[in-house]
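Numbering (our numbering), first residue to last: 137 to 630.
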């Protein structure tokens with residue numbers, strides 16, 4: 137990875153007349169903007185189907201693409217839908233927020249209509265796509281059964297289906313072939329649109345950075361079809377769940393609820409599931425950020441019946457063996473390690489042994505009287521400098537929360553006058569020794585806390601729902617950022 141820069145903007149946050157951003161025209165225009173700004177990478181959040189509250193980190197599949205992100209304009213151009221049909225459905229009342237429930241219902245209605253109009257050539261292409269992606273069989277079965285079971289989690293399905301028994305699944309597939317074809321068709325459309333966008337970005341020397349949640353949702357195609365790879369009881373429910381222990385920000389810790397991996401079974405299967413997961417990610421992205429890297433060293437295991445994370449314990453993870461295996465399979469590993477949170481010497485040693493770049497977040501840097509590792513003079517080349525991530529407030533929102541002493545320290549350290557802090561932090565990231573510097577679209581626009589993407593440990597309509605408006609990222613701002621890329625020798629990727 138050579139010295140470059142990136143902007144973090146999730147697909148759902150792009151402008152769109154249909155409730156949420158998509159893989160359509162606005163995405164291509166944003167790629168043009170990045171090229172004009174001399175930015176080498178576009179970072180997105182997980183592309184998987186969103187879970188509770190629109191969170192892409194609680195998905196029903198670690199492999200599938202979100203139907204909500206499929207571009208309707210492409211389907212109109214193919215003659216599968218009309219503009220009038222798309223405009224006639226509800227898409228939410230707030231143009232600045234994604235109403236995930238409304239978008240999901242309207243998008244599925246239109247996708248089913250498009251499927252009913254697809255010709256044999258298109259359906260044959262979808263069949264070929266399905267045959268080339270082994271994970272898709274279980275995903276289509278999972279979605280089809282879930283639809284017929286009125287959305288019930290897999291552990292509440294009839295026994296043969298719940299247990300992923302071959303006989304029951306074969307009988308179901310024979311009776312519901314059209315429903316299975318629909319879900320394969322949706323994933324074919326997503327992949328075709330993503331490939332077109334990726335090719336367009338590559339032609340403009342814009343690399344794509346993806347995000348891989350380390351855990352999967354308890355009610356997911358992955359857990360249902362691969363029970364032995366997870367810590368589950370006889371009924372298919374997690375026996376222990378993931379989270380993080382109490383700290384200064386959360387007195388009860390964070391209980392995420394994801395099932396933990398049965399690493400012994402995964403290793404006994406020659407790491408197959410994780411190899412295929414990374415293969416899928418590497419096929420879509422130039423770089424992949426793996427969330428919660430520290431869990432490869434040790435993870436916080438919480439008894440499933442505990443209401444908070446306080447009763448958990450640290451359990452050893454797979455360690456360097458995981459990365460040695462993946463490097464043997466893939467050669468180089470285009471991975472960014474999210475090494476935030478509670479770090480120990482053993483976590484630091486694991487990061488060093490993997491030689492993967494970690495993360496430096498400037499919003500964590502400025503504690504008066506503390507020489508934080510996140511301060512720019514402590515940065516190293518093999519790292520990624522962020523002004524803030526999707527879990528942080530925007531720069532302006534964060535600045536508004538600082539006490540006077542911290543704000544004075546930040547200004548003194550970066551030699552800034554009052555009012556210069558927001559752009560000054562972006563400039564500091566670009567000046568950092570880190571090979572990659574990243575800021576968010578919200579911070580380039582200059583938005584406050586109302587544009588925050590996620591507040592960890594909370595659930596509500598403010599999370600995962602921010603939408604950018606047309607014209608907010610201007611050519612003038614592109615020129616300013618292009619100047620920083622030239623000044624600090626951050627060039628587009630080859």
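By construction, the Cβ of each residue, glycine as well, lies at the ideal position given by its N, Cα and C atoms.
Note that this is a predicted model, so its numbers are computed, not measured.
#1: What would DSSP say about residue 306, mapped onto helix, strand or coil?
#2: Would the stretch 571 to 585 and the stretch 514 to 524 be scored as touching if the rule is three or more Cβ pairs under 8 Å?
#3: For residue 595, is the classification buried or exposed, using 16 other Cβ atoms within 10 angstroms of its Cβ as the cut-off for buried?
#4: Do residue 423 and residue 344 have their C-beta atoms within less than 9 Å of each other?
#5: Find the nearest neighbour of residue 188 within the set 608, 597, 285, judged by alpha-carbon distance.
#6: Tell me the start and end of each unbroken alpha helix (DSSP H) in the stretch 456 to 511 that is at least 4 residues and wholly inside, in chain order.
#7: Consult DSSP for residue 385 and reduce its assignment to one of helix, strand or coil.
#8: Please report the Cβ distance between residue 409 and residue 365, rounded to the nearest whole angstrom; I am assuming they are in contact, meaning their Cβ atoms lie under 8 Å.
#9: Around the Cβ of residue 279, are there at least 16 other Cβ atoms within 10 angstroms (buried) or fewer (exposed)?
#10: Output the distance between the C-alpha atoms of residue 406 and residue 433, rounded to the nearest integer angstrom.
#11: State buried or exposed for residue 337, treating a residue as buried only when at least 16 other CB atoms are found within 10 Å of its CB.
#12: DSSP on residue 572, reduced to helix/strand/coil?
#13: From residue 322 to residue 564, what distance separates their C-alpha atoms?
#14: Please report how far the alpha carbon of residue 478 lies from the alpha carbon of residue 244, in whole angstroms.
#15: Checking the sheet assignment: what are the DSSP bridge partners for residue 366?
#16: For residue 488 and residue 234, I'd like the C-alpha separation in whole angstroms.
#17: Could you give the distance in angstroms between the alpha-carbon of residue 226 and the alpha-carbon of residue 541?
#18: Quick check on the DSSP output: the alpha helix (DSSP H) that includes residue 631 runs from which residue to which?
#19: For residue 557, name the three-state secondary structure that DSSP assigns.
#20: Please look up how many angstroms separate the CB atoms of residue 447 and residue 454, rounded, as I've assumed it's under 8 Å.
#21: DSSP has residue 343 in a bridge; who is on the other side?
#22: With DSSP as the reference, label residue 551 as helix, strand or coil.
#23: Identify, in the order they occur along the chain, each residue of the same chain with its Cβ nearer than 7 Å to the Cβ of residue 550, setting aside the five sequence neighbours on each side.
#24: With a floor of 4 residues, list each alpha helix (DSSP H) that falls wholly inside the stretch 222 to 253, ordered by position along the chain.
#25: So residue 246 and residue 221 are supposed to be a Cβ contact under 8 Å. How far apart are they, rounded?
#26: Given a cut-off of 9 Å, decide if residue 367 and residue 427 are closer than it, judged by their beta-carbon atoms.
#27: So the alpha helix (DSSP H) residue 117 belongs to, where does it begin and stop?
#28: I'd like to check one pair, residue 217 with residue 249: are the Cβ atoms closer than 9 Å?
Well, looking at it:
#1: The residue you call residue 306 lines up with position 170 of the chain shown. Residue 306: helix per DSSP, three-state reduction.
#2: Cβ pair count under 8 Å is three or more, so yes.
#3: By 1-based counting over the chain shown, the position of residue 595 is 459. Flag for residue 595 reads exposed.
#4: Residue numbering aside, residue 423 sits at position 287 when the chain shown is read from its first letter. Residue numbering aside, residue 344 sits at position 208 when the chain shown is read from its first letter. Inclusion of residue 423 and residue 344 in the CB contact set at 9 Å is warranted, their separation being smaller than that value.
#5: Translated into the one-based positions of the chain shown, residue 188 becomes position 52. For the options 608, 597, 285, the alpha carbon positioned closest to that of residue 188 is the one of 597.
#6: You should have 456 to 466, 481 to 490.
#7: In the chain shown, the residue the question calls residue 385 occupies position 249. For residue 385, the three-state secondary structure derived from DSSP is coil.
#8: For the purposes of this step, residue 409 is identified with residue 273 of the chain shown, where counting begins at 1. For the purposes of this step, residue 365 is identified with residue 229 of the chain shown, where counting begins at 1. So it is a contact: roughly 6 Å between Cβ atoms.
#9: As a working note, residue 279 is residue 143 in the chain shown. Flag for residue 279 reads buried.
#10: Position 270 of the chain shown, counting from 1, holds the residue named residue 406. Position 297 of the chain shown, counting from 1, holds the residue named residue 433. In this model, residue 406 and residue 433 are separated by some 19 Å (Cα to Cα).
#11: Residue numbering aside, residue 337 sits at position 201 when the chain shown is read from its first letter. With 16 or more other Cβ atoms inside 10 Å of its own Cβ, residue 337 counts as buried.
#12: Taking the chain shown and counting its residues from 1, the one referred to as residue 572 is at position 436. Strand, per DSSP.
#13: Counted from its first residue, the chain shown places residue 322 at position 186. Counted from its first residue, the chain shown places residue 564 at position 428. Their Cα atoms are separated by approximately 43 Å.
#14: Residue mapping note: residue 478 aligns to position 342 of the chain shown, counting from 1. Residue mapping note: residue 244 aligns to position 108 of the chain shown, counting from 1. Take the alpha-carbon of residue 478 and the one of residue 244: they are about 41 Å apart.
#15: Within the chain shown, the letter at position 230 stands for residue 366. DSSP, once it has assigned bridges, lists 397 as partnering residue 366.
#16: Here residue 488 refers to the residue found at position 352 when the chain shown is read from its first residue. Here residue 234 refers to the residue found at position 98 when the chain shown is read from its first residue. Near 40 Å, if we compare the C-alpha coordinates of residue 234 and residue 488.
#17: Within the chain shown, the letter at position 90 stands for residue 226. Within the chain shown, the letter at position 405 stands for residue 541. The alpha-carbon of residue 226 is positioned some 48 Å away from that of residue 541.
#18: There is simply no residue 631 to check, as the chain begins at 137 and stops at 630 in what is shown.
#19: One-based indexing of the chain shown puts residue 557 at position 421. In this structure, residue 557 counts as helix in the three-state DSSP scheme.
#20: On the chain shown, position 311 is the one that residue 447 refers to. On the chain shown, position 318 is the one that residue 454 refers to. The Cβ separation is near 24 Å, so there is no contact.
#21: Here residue 343 refers to the residue found at position 207 when the chain shown is read from its first residue. The partner list for residue 343 (beta bridge, DSSP) reads 177.
#22: The residue given as residue 551 occupies position 415 in the chain shown. Looking at residue 551 - three-state DSSP - the assignment turns out to be coil, as it is neither helix nor strand.
#23: Along the chain shown, read from residue 1 onward, the residue named residue 550 stands at position 414. Excluding positions up to five away in sequence, the list reads 560, 564.
#24: For the stretch 222 to 253, whole alpha helix (DSSP H) runs of length 4 or above, ordered along the chain, are 236 to 253.
#25: Locating residue 246 in the chain shown gives position 110, where the first residue counts as 1. Locating residue 221 in the chain shown gives position 85, where the first residue counts as 1. Cβ atoms of residue 246 and residue 221 come within 8 Å of each other, at about 7 Å.
#26: To locate residue 427, count along the chain shown from 1; it is residue 291. To locate residue 367, count along the chain shown from 1; it is residue 231. Cβ atoms of residue 427 and residue 367: not closer than 9 Å.
#27: With the chain covering only 137 through 630, there is no way to say anything about residue 117.
#28: Locating residue 249 in the chain shown gives position 113, counting from the first residue. Locating residue 217 in the chain shown gives position 81, counting from the first residue. Cβ atoms of residue 249 and residue 217: closer than 9 Å.
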